[in-house]
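Residue numbers (the numbering used here): -3 to 113.
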């Protein structure tokens, strides 16, 4: 089972209320397993993307900060308002991913919880 993300530019089509002739156009955004799992050789294509897999991803992120940059870009949906994640932000993002919940995330470095200021 592979997670796939899709996005749609909602500004490119008219209001959807009550109309049936037109609708959103969805485009393939990215494949989670391919984007973050290239160095995770212990995981097969049929293994779940569960907490263990995401922990392995965070270990890969520690070794390759470009994975954090990709995560940040996808989380912000490529918005021009999204800030770059560099320096202390990288460790904070990894901490947030590992926390898995808002209460546990409070122990992570503050100020990096959102991709947009």
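By construction, the Cβ of each residue, glycine as well, lies at the ideal position given by its N, Cα and C atoms.
Exercise for review: Would you mind sorting residue 47 into buried or exposed? The rule is 16 or more other CB atoms within 10 Å of its CB.
Suggested key: exposed
Check your understanding: Since residue 23 is in the beta strand (DSSP E), which residue starts that stretch and which ends it?
Key -> 22 to 27
**Study point:** Among 58, 42 and 102, nearest to residue 82 - alpha-carbon criterion
**Key:** 58
Check your understanding: Since residue 68 and residue 94 are thought to touch, with beta carbons under 8 Å apart, how far apart are those beta carbons, to the nearest angstrom?
Key -> Wrong, their Cβ atoms sit about 16 Å apart, outside the cutoff.
**Study point:** Straight-line gap, residue 101 to residue 91 (C-alpha atoms, nearest Å)
**Key:** 7 Å
**Study point:** Whole-angstrom C-beta distance between residue 105 and residue 87, which should lie under 8 Å
**Key:** 7 Å
Review point. Taking the alpha carbon of residue 34 as the point to measure from, which residue in 49, 24, 22 and 25 has its own alpha carbon closest?
Key: 49
Practice item. Find the nearest neighbour of residue 32 within the set 107, 84 and 65, judged by alpha-carbon distance. Key: 65
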